[in-house]
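S.K.: Residue numbers (full-length UniProt numbering): 1 to 214. Input: one structure, supplied below.
See the structure below:
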């Protein structure tokens, strides 16, 4: 996860709106970058940064909803706050269904916006922290040998060392040695920790249990 200060990105084709929002956001100590077009935004945006995007839902060429969809298509997890000068219920519904954090009507209420910014930035930080844990778990699981992964499958199913040994054609002592190596490589001290790490790593790698049982 990037350690840079959270940055609020403002995308609006109206210069007066961009300048007003930039001034407001800076008063609470947040970094802010403004963009006049979606093309400029996608050209300059650093996907590694933490923050959020405030975007006008009605813009020429590419709407805020289309920007939201494009972010998802590119695998970018930036939270979005939508703005509109129109009380369009359908657009609001679509924005929320697609994951928008908030939907604000122009003229923007300062406190509502600042509250929404705090919520969005906090959400993004939490998302990145969970991703870091998942990636770390997946990396640790990759250190296991094929045999250790087989033993791990048995441990996760709740089987004893004797049962795993019988299924794999090993001695119970060899299985115990593998178990010790697994716990050491995965940096865990208990089966509960092992299970949590395994499923974090499974989510990150996109793999699934093979369903084989000793």
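Ideal placement from N, C-alpha and C gives every residue a C-beta, glycine not left out. All values reported here derive from a predicted model rather than from experimental measurement.
(1) Look up residue 57 in the DSSP assignment and say whether it is helix, strand or coil.
(2) DSSP three-state label for residue 103, please.
(3) Quick check on residue 166: does DSSP put it in helix, strand or coil?
(4) Which residue marks the beginning of the beta strand (DSSP E) containing residue 32, and which one marks its end?
(5) Less than 7 Å between C-beta atoms, sequence neighbours within five positions excluded: which residues of the same chain meet that for residue 112?
(6) For residue 39, count the other beta carbons within 10 Å of its own beta carbon; 16 or more makes it buried, fewer makes it exposed. Which is it?
(7) What three-state label does DSSP hand residue 183 in the structure shown?
(8) At the level of alpha carbons, what is the spacing between residue 110 and residue 24?
(9) Going straight from the alpha carbon of residue 51 to that of residue 41, what length do you get?
(10) Should residue 164 go down as buried or exposed, given a rule of 16 or more other Cβ atoms within 10 Å for buried?
(11) By alpha-carbon positions, which one of 37, 137, 77, 161 ends up nearest to residue 125?
(12) With distances taken between CB atoms, is the gap from residue 80 to residue 99 smaller than 9 Å?
(13) Taking residue 161 and residue 176 to be in contact with their CB atoms under 8 Å, please state how far apart those CB atoms are, rounded to whole angstroms.
(14) From which residue to which residue does the alpha helix (DSSP H) around residue 25 run?
(15) Beta carbon of residue 57, beta carbon of residue 84: below 9 Å?
(16) Taking 8 Å as the cut-off, does the segment 25 to 36 touch the segment 88 to 99 (at least 3 CB pairs, one atom from each stretch)?
M.R.: Let's see:
(1) Numbered from its first residue, the chain shown carries residue 57 at position 57. Coil.
(2) Against the chain shown, residue 103 aligns to sequence position 103. Strand.
(3) By 1-based counting over the chain shown, the position of residue 166 is 166. Looking at residue 166 - three-state DSSP - the assignment turns out to be helix.
(4) Mapped onto the chain shown, residue 32 falls at position 32. Residues 31 to 35.
(5) By 1-based counting over the chain shown, the position of residue 112 is 112. Around residue 112: 104.
(6) Translated into the one-based positions of the chain shown, residue 39 becomes position 39. Classification of residue 39: exposed, given that the 10 Å Cβ count is below 16.
(7) In the chain shown, the residue the question calls residue 183 occupies position 183. Here residue 183 sits in helix by DSSP.
(8) Here residue 110 refers to the residue found at position 110 of the chain shown. Here residue 24 refers to the residue found at position 24 of the chain shown. Approximately 8 Å, taken between the alpha carbons.
(9) The residue given as residue 51 occupies position 51 in the chain shown. The residue given as residue 41 occupies position 41 in the chain shown. Each residue's alpha carbon lies about 14 Å from the other.
(10) For the purposes of this step, residue 164 is identified with residue 164 of the chain shown, where counting begins at 1. Residue 164 is buried by the Cβ-count criterion.
(11) For this step, residue 125 is matched to residue 125 along the chain shown. When each option's Cα is compared against that of residue 125, the closest is 77.
(12) To locate residue 80, count along the chain shown from 1; it is residue 80. To locate residue 99, count along the chain shown from 1; it is residue 99. Yes, the pair counts as a contact, with Cβ atoms nearer than the cut-off.
(13) In the chain shown, counting from the first residue as 1, residue 161 sits at position 161. In the chain shown, counting from the first residue as 1, residue 176 sits at position 176. Right, their Cβ atoms sit about 5 Å apart.
(14) Position 25 of the chain shown holds residue 25. Taken as a continuous stretch (DSSP letters only), the alpha helix (DSSP H) holding residue 25 covers 15 to 26.
(15) Within the chain shown, numbered from 1, the residue matching residue 57 stands at position 57. Within the chain shown, numbered from 1, the residue matching residue 84 stands at position 84. Going by C-beta atoms, residue 57 is nearer than 9 Å to residue 84.
(16) no
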